[in-house]
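Chemist:
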Amino acid sequence: MSQAETPTLSLIIPVYNEAQHLERWCETLLQHDFGVSVEHVFVDDCSTDGSYEILQRFSTDSRVRLFRQAQNQGKGTAVSRGIQESRGEIVLIQDADYEYALSDVPAVIGPILRDQADIVFGSRYKSSETVHRTFHYVVNRVLTLVSNIASGLYLTDMETCYKAFRGEIIRGITIASPRFGFEPEITAKVAVLKARVAEVPIHYFPRNYLEGKKIKWTDGVAALWHIARFNVDAQGTLRATQGVPDRYRIQKKQWL
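Just so you know, we're using this note's numbering here: the sequence shown kicks off at 148 and counts up by one.
#1: Looking at the unbroken beta strand (DSSP E) that takes in F189, where does it start and where does it end?
#2: Could you tell me which uninterrupted alpha helix (DSSP H) segments, each at least 4 residues in length, are contained entirely in the region 273-329, listed from first to last along the chain?
#3: 7 Å is my cut-off, CB to CB: does G235 come that close to chain B?
#4: Tell me, which residues are paired with Y247 by DSSP?
#5: Could you give the C-beta distance for T307 and R271, rounded to a whole number, given that I count them as a contact under 8 Å?
#6: Quick check: what's the CA-CA separation for Q241 versus K399?
#7: Put F268 into one of helix, strand or coil per three-state DSSP.
#8: Exposed or buried, which one is S233 when buried takes at least 16 other CB atoms within 10 Å?
#9: Verify whether the separation of the beta carbon atoms of S227 and I159 is less than 7 Å.
#10: Let me check one thing: in DSSP terms, what residues is F214 bridge-paired to?
#11: Would you say the region 240-255 touches the region 205-213, given that touching needs at least three Cβ pairs under 8 Å?
What follows is the structure in structure tokens.
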């Protein structure tokens with residue numbers, strides 16, 4: 148598909164019960180200038196608080212593509228659905244809340260636009276003035292360290308939401324994790340490719356559970372399982388990347 152036929156950037160936005168701030172956030176999103184053509188791919192994960200009805204009001208905008216899961220299946224499944232529905236040359240994961248700054252999107256996709264990278268992670272820890280919550284900070288750093296050792300891909304923030312990919316790469320990867328295991332899974336699968344990976348600093352404004360944060364300590368434990376599962380089963384991970392163009396693929400996993 149030529150550049151004239153497809154948006155440059157696909158923002159994949161999973162939504163589940165975000166009604167308390169969703170309308171205002173969507174208005175801000177659609178007013179934002181990212182410097183490139185954008186399609187906003189919303190996937191409602193069977194919300195029960197009116198989030199889907201709010202999204203429907205924005206679906207008349209030609210830049211918005213709205214999908215709804217028939218039943219709640221988890222963030223990973225919603226993200227995977229959005230990726231497969233996307234048409235952009237670049238795909239970026241975006242949460243429907245204020246934790247990540249929309250103003251950082253150009254910085255995250257910049258290395259791909261400049262042909263300096265094929266995949267970009269936005270790091271909350273490379274350069275940030277944010278005061279992080281101690282528990283989440285420690286858990287994230289430990290999970291990132293374990294992931295780095297297992298995958299051989301050195302990152303400072305494996306669990307970041309802001310991950311940008313060339314569309315032809317991410318649409319060729321099979322995603323298995325239904326919930327928050329998407330982050331360690333996709334990192335393991337990226338690590339077995341010949342793709343160029345970059346990491347750029349981003350801003351982060353953590354919310355608490357009263358504000359709608361959904362990840363729990365049990366998801367941290369599950370993440371350790373996903374790191375082991377997708378890095379130890381190297382052949383299975385390689386099979387999951389068979390849809391990626393051959394120029395990005397390798398025949399066996401390499402740590403160094």
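All C-beta atoms, glycine included, are put in the ideal place defined by N, C-alpha and C. A quick note: this is a predicted structure, and the numbers were derived from the prediction, not measured.
Modeler: To lay it out plainly:
#1: V185 to D191
#2: 281-298 and 314-317
#3: No chain B appears in the structure shown, which is made up of a single protein chain.
#4: Partner(s): Y351.
#5: The Cβ separation is near 6 Å, so the contact holds.
#6: 31 Å
#7: In the structure shown, F268 falls within a strand segment according to DSSP collapsed to helix, strand and coil.
#8: buried
#9: no
#10: BP columns for F214 point to V190.
#11: no
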